[in-house]
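Only one structure is covered here, and it is reproduced in the block below.
There are 2 protein chains.
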Amino acid sequence: MQQNANHQVYLKSRPAGIPQAENFSLRETEVPRLEEGEILIRNHYLSADPAMRGWISDVGGYWPQIAIGETMRAFAVGEVIESRRPEYEIGDRLMGIFGWQEYSAATDKHVLLKVADADLPLSLYLGVLGLNGLTAYFGLLEVGGPKEGDTVVVSTAAGAVGSCAGQIAKLRGCRTVGITGGPAKVRQCVDEFGYDVAIDYKSSVKLDDELQAACPNGVDIYYDNTSGPISDAVMRHLGIGARVVICGTAAYSSWNPWNAGPRPERHLIVKRASMRGFLATDYAAQFPEAVRTLAEWVRRGKVRYAEEILEGIEKAPESIQRLYRGEHTGKLLIRLPSAEL
Amino acid sequence: MQQNANHQVYLKSRPAGIPQAENFSLRETEVPRLEEGEILIRNHYLSADPAMRGWISDVGGYWPQIAIGETMRAFAVGEVIESRRPEYEIGDRLMGIFGWQEYSAATDKHVLLKVADADLPLSLYLGVLGLNGLTAYFGLLEVGGPKEGDTVVVSTAAGAVGSCAGQIAKLRGCRTVGITGGPAKVRQCVDEFGYDVAIDYKSSVKLDDELQAACPNGVDIYYDNTSGPISDAVMRHLGIGARVVICGTAAYSSWNPWNAGPRPERHLIVKRASMRGFLATDYAAQFPEAVRTLAEWVRRGKVRYAEEILEGIEKAPESIQRLYRGEHTGKLLIRLPSAEL
């Protein structure tokens, strides 16, 4: 690749379900020239997130749909190399919505966090100290409202968000039950992420029986990333006053046609329970404080994380399909050569 | 009927769907003799409520299932005619869970409210000043959390609960949209209950279009009593931060097999919305204050109500099926001859 060029991954075609490598393409453009009020960021790490499926789907979401030909929206961490904004200096390390590209001309609305500490790897600011950790943090603490002794069930329990949610629940004195797929992840849930119980939904003969055994007094908080048959089973085990945190819908590759399932209303009345959806970005004003707390937990080994790093922007197009296959461990992200500088 | 006997309606057979008259039977027993700590109540009015379907269904609910042969559980208002509890005197008028019977031996756990005022008809304490009004009050105010200018959609908008919820929302400065069935109820919603817009779902060609026209800025609170296709349509029109109050599931006559429908999770994330179920009886400690407020609204004509009164306990068995046919207007209840004394 040529230096002083900007390599970008753009949306080539709209996927019917899970975005595949062939829905994207790589292109070379010029490094953007700044307008007044912009900063130029050289990205070091690019994120791959399940939510990206929704960003390019044909069903409306919380952010504008990405057009064909547009550079793929993505969280990234990078370094300011030119600034036309007084609040950012050259050398500042930022996490934000900088796209699947090497260089990004950004305004303050793209910036989600200024990285304050230098002692932790920069890649973490896309995972446990980035949107994944923040999603776990605000979803569990603000939406879930854990109380000591609560039984907290987490789906995709070994994932970048789920593993963090489970550990925060544990730090709050809750009993944690993780649902994950396969014996390796079950072991990881218990050994690495400290779940009291881990259930392998893939080998489960009857998930209801395993949930009943793991949650004999009912589920107080269900932190859900799936919205599918796993959720349907957990809903049957809610306790009185349960809070269901709706974080993601990984069970489905598309919402066109809309997915159906057992109705939740009767469970919600009988158990006086709630379901609530949220977006971590709605809590952006509280990010610096939350990241300080998460970073301290990481330093003390109270919150552990796993990362799987793909090398080079050429790997970005295939990263979403890898996420949905669930073969990776923890946070999936892409390292750019500039990270080594 | 013989005097000094207690006539009761008991459950004769378990219904498959909506309870029918033939699922109940009338019997004559003795007026109960009090044990220590009990009070004897002569009921004046018996209530018919949609929730009774769930109380006798074969799918577990929030209260123990009523056994075959057991007197039907019901809200009722009556008068204390004998007391072995210091806090109740002969002549006290009480609302509580006294059953479909003329006389009830009750303890304080059956009593939900002591009627404080004598200026309003006693029957209202089963409707707008009873569980229906209280369900509307706590569901809208505590679960819904209305703010001035909110758009509030109510299903079964002309019903005993819905009509009250709509009027309380209006009193809180909300714009109210009622969904009801048939032109007479549409007129009643607008003329009697003050809805800004009333939608006839029975004549609606496309409910989505009517909701879009009625709620151009999205729905802030959806007070739902149905849990069926009406809800599915409203969910597509939620605004950011919407609260869905799950009050009842009148669209379904049975939950065995469990009912299915479009999944709510993706709406909840995209709109950062919540669904929450509740039972008014969980707020029993706040009933006296809420009834004082409701009574004042009724006196000033700020909350209007409709009643349809059936005469005699013999009409109780058919009352539930009448509720689900939706032919009645407002609160359906049964007057006993003692109400005239």
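Sequence order for the protein chains is B and P. Under this note's numbering, the first residue of the first sequence carries the number 5, and numbering increases by one thereafter. Under this note's numbering, the first residue of the second sequence carries the number 5, and numbering increases by one thereafter. We put the CB at the ideal spot given by N, CA and C, even for glycine. Fair warning: this is a prediction, and the values are worked out from it, not measured in the lab.
Please report the straight-line C-alpha distance between Gly-153 (chain P) and Asp-121 (chain P), rounded to a whole angstrom. Cα to Cα, the separation comes out at about 33 Å.
Going by DSSP in three states, Gln-69 (chain B) sits in which element: helix, strand or coil? coil
Could you work out which residues of chain P lie near Tyr-199 (chain B), taking near to mean beta carbons separated by less than 8 Å? Result: empty, since nearest Cβ-Cβ is about 23 Å, beyond 8 Å.
Express the C-alpha separation of Ala-71 (chain B) and Arg-37 (chain B) in angstroms, rounding to a whole number. 23 Å
Range covered by the alpha helix (DSSP H) that runs through Met-76 (chain B): Met-76 (chain B) -> no alpha helix (DSSP H), and no H or E assigned at all.
On the three-state DSSP scale, how would you describe Phe-28 (chain P)? strand
Assigned exposure category for Val-84 (chain B) - 16 Cβ within 10 Å defines buried: buried
Which word fits Ala-188 (chain P), buried or exposed, when buried means at least 16 other C-beta atoms lie within 10 angstroms of its C-beta? exposed
With distance defined between alpha-carbon atoms, name the residue in B:Gly-82, B:Glu-40, B:Pro-19 nearest to Met-56 (chain B). B:Pro-19
In this structure, does DSSP put Val-307 (chain P) in helix, strand or coil? coil
Segment limits, alpha helix (DSSP H) that includes Thr-139 (chain P): 135-142
Could you name the residues of the region 266-294 of chain P whose beta carbon sits closer than 8 Å to any beta carbon of chain B, in the order they occur along the chain? Pro-266, Arg-267, Pro-268, Glu-269, Arg-270, His-271, Leu-272, Ile-273, Val-274, Lys-275, Arg-276, Ala-277, Ser-278, Met-279, Arg-280, Gly-281, Phe-282, Leu-283, Asp-286
Among the candidates P:Gly-149, P:Ala-202, P:Gly-166, whose CA atom is the shortest distance from the CA of Gly-177 (chain P)? P:Gly-149
Within a Cβ cutoff of 6 Å, which residues of the same chain sit near Pro-341 (chain B), ignoring the five residues on either side of it in sequence? none
Should Asn-8 (chain P) be flagged as near chain B, meaning a C-beta pair shorter than 7 Å? Chain B contact via Cβ: absent.
Rounded separation between Val-63 (chain P) and Cys-219 (chain B) - CA only: 21 Å
His-271 (chain B), enclosing alpha helix (DSSP H) - first and last residue: 269-274
Please classify Lys-174 (chain B) as buried or exposed, where buried requires at least 16 other C-beta atoms within 10 Å of its C-beta. buried
Less than 7 Å between C-beta atoms, sequence neighbours within five positions excluded: which residues of the same chain meet that for Leu-327 (chain B)? Ala-52, Pro-54, Leu-336
Locate the beta strand (DSSP E) running through Ala-346 (chain P), then write down its first and last residues. Residue 346 (chain P) falls outside the range modelled here, since chain P spans only 5 to 345, and no answer is possible.
Counting only beta-carbon atoms, is Asn-260 (chain P) nearer than 7 Å to chain B? no
Let me know the secondary structure DSSP gives Leu-283 (chain B) once reduced to three states. Correct three-state label for Leu-283 (chain B): coil.
Taking 7 Å as the threshold (beta carbon to beta carbon), is Ser-231 (chain P) in contact with chain B? yes
Could you have a look at Lys-118 (chain B) and say whether DSSP puts it in helix, strand or coil? strand
Identity of the residue in P:Gly-143, P:Leu-298, P:Arg-247 nearest Phe-282 (chain B) by Cα: P:Arg-247
With 7 Å set as the bound, which would you pick, yes or no: does the beta-carbon of Asn-221 (chain P) sit closer than that to a beta-carbon of chain B? no
7 Å Cβ shell around Ser-87 (chain P) - same chain, five flanking residues per side excluded: In chain order, Ile-43, Glu-93, Ile-94 place their CB closer than 7 Å to the CB of Ser-87 (chain P), counting only its own chain and leaving out the 5 sequence neighbours on each side.
Inter-residue Cα distance where the pair is His-332 (chain B) and Leu-272 (chain P): His-332 (chain B) and Leu-272 (chain P): Cα-Cα distance of roughly 28 Å.
Neighbour flag for Arg-141 (chain P) against chain B, beta carbons, 7 Å: The sequence shown places Tyr at residue 141 (chain P), rather than the Arg named in the question. No, no contact with chain B.
Once you ignore the five residues that flank Asp-112 (chain P) on each side, which residues in its own chain have a CB closer than 6 Å to its CB? none
Beta-carbon spacing of Val-158 (chain P), Tyr-227 (chain P) below 7 Å: yes
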